[in-house]
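Q: Got a structure for you, questions after.
There are 2 protein chains.
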Amino acid sequence: MLSSILFYSLDKAIRSYRRFAQANIDRAGIPITIDQWLVLRVILEHDDLTQLEIAERVFKDQASVARILALLTQRGLLSAVPLPHDGRRTKLRVSEAGHQILEAVQPIVLSNRHQALSGLSDTDQALLRELLDRISLNCAQPAANLLAQP
Amino acid sequence: MLSSILFYSLDKAIRSYRRFAQANIDRAGIPITIDQWLVLRVILEHDDLTQLEIAERVFKDQASVARILALLTQRGLLSAVPLPHDGRRTKLRVSEAGHQILEAVQPIVLSNRHQALSGLSDTDQALLRELLDRISLNCAQPAANLLAQP
DNA sequence: TCAAAGACTATGATATATCATACAAGTTGC
DNA sequence: GCAACTTGTATGATATATCATAGTCTTTGA
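These protein sequences, in sequence, are chains Z and X.
Under the working numbering, the first residue of the first sequence is numbered 5, with each subsequent residue one higher.
Under the working numbering, the first residue of the second sequence is numbered 5, with each subsequent residue one higher.
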């Protein structure tokens, strides 16, 4: 049975949460996706990252980030100023409109997390995080080679 | 810090696992995606589901399933025979080629899970599942209404 | 200083996610 | 037996995921 597989529960949990969270953001009439929000947050915390560095922080690849940045810029939530010392890059800055959206979303984000974690004690949450991080770590290792080359 | 958020760890874990698992399948030269595999598996277990019922089992929506089914059919891994008693539907059947791919992937799937869960005891795994299922359950509830209507 | 190597971004191709909607076919109520 | 409703599938539009690659710019090394 598929439902007996742990990764099935893992997939279900994150999909349920993302749908739930996005639905609440949509319901509040705030025009942003969770992925766009996450990228904005990263830029807010560090304003001198390359697309690859942003990608690593949000677990996406560089191409996905490039497209999200293009969208955010196009929507006026982000501005990109060329960096003088490197002609390839730009300095990304969250615009005023971007800040406003981040502020508007913040209480919804907190409420979403609170509801999603209701019934989990602090101990539960700490343990959950530990187990999840262990899985991430395991998957970052090079794969065991089923078809090992001589 | 984003990294202190539990859902960040959750997102990271499932993305790490999916990349890891897909890379191992690709490396073995088996031409199937994890999502396609999952849908095939569901059809194998129950051969009389509507697209919506399949979607519920794999946590996708009907539109996504429709497109995955079209692809699987186009690639010859699935056949669709019209059902006599309902002109809208078809009976889905995993083809011989589909069975072969499922068999070829199976050892890789098992190895992936084993590696990803290494270091987690049975107790850990049971607890992890419990916590994840609780989150899914919490997110299935209608949202708390921040802007409650009188 | 110049050529090779490396870093950074953009984009084409394909797959999936989601909403909305169109269309077809079945069911129900009267 | 027909209209209204419901169910099932397909698809357009937009966003994200991923790989591969092209194009630009920087750094390195002799």
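The C-beta atom is built at its ideal place from N, Cα and C for all residues, glycine as well.
Quantities reported herein were computed from a predicted structural model and do not represent experimental measurements.
Could you give the DSSP three-state label for P111 (chain Z): helix, strand or coil?
A: Here P111 (chain Z) sits in helix by DSSP.
Q: Taking 8 Å as the cut-off, decide whether the C-beta atoms of A101 (chain X) and L81 (chain X) are in contact.
A: The answer is yes: Cβ separation under 8 Å.
Q: Could you give the first and the last residue of the continuous beta strand (DSSP E) run that contains A84 (chain Z)?
A: Counting along the chain, the beta strand (DSSP E) containing A84 (chain Z) begins and ends at L82 to P86.
Q: Helix or strand or just coil, what does DSSP make of A152 (chain X)?
A: The predicted model places A152 (chain X) with a pLDDT of 37, which falls under 50 and marks its position as unreliable; any figure quoted below should be read in that light. In the structure shown, A152 (chain X) sits in coil (DSSP, three-state: anything other than H, G, I, E or B).
Q: If you follow the alpha helix (DSSP H) that R23 (chain Z) is in, where does it begin and where does it stop?
A: First-last of the alpha helix (DSSP H) with R23 (chain Z): L10 to R31.
Q: Leaving out five residues before and five after Q153 (chain X) in sequence, what residues of the same chain have Cβ atoms less than 7 Å from its Cβ?
A: Bear in mind that the predicted position of Q153 (chain X) carries a pLDDT of just 35, short of 50, making it too unreliable to give a figure here.
Q: List the residues of chain X whose Cβ lies closer than 7 Å to the Cβ of I18 (chain Z), in chain order.
A: Within chain X, the residues near I18 (chain Z) are L14, D15 and I18.
Q: Kindly say whether G91 (chain X), judged by its beta-carbon, lies nearer than 8 Å to any beta-carbon of chain Z.
A: Judged by the 8 Å Cβ criterion, G91 (chain X) is not in contact with chain Z.
Q: Mind checking if Q129 (chain X) is an interface residue toward chain Z, Cβ cutoff 8 Å exclusive?
A: Closer than 8 Å: yes.
Q: Under 8 Å Cβ-Cβ, which residues of chain Z neighbour L135 (chain X)?
A: Neighbours of L135 (chain X) on chain Z, chain order: L124, D128, L131 and L132.
Q: Would the segment 123-137 of chain Z and the segment 126-137 of chain X be scored as touching if the rule is three or more Cβ pairs under 8 Å?
A: The segment 123-137 of chain Z, when compared against the segment 126-137 of chain X, does touch it at the 8 Å Cβ threshold.
Q: Count Cβ pairs between the segment 48-63 of chain Z and the segment 27-41 of chain X that sit closer than 8 Å; are there 3 or more?
A: Judged by Cβ distances under 8 Å, the segment 48-63 of chain Z makes no contact with the segment 27-41 of chain X, as fewer than three pairs qualify.
Q: Give, in chain order, every unbroken run of the alpha helix (DSSP H) that is at least 4 residues long and sits entirely within the segment 38-88 of chain X.
A: If we require 4 residues or more, the alpha helix (DSSP H) runs fully inside the segment 38-88 of chain X come out as 38-49, 55-62 and 66-78.
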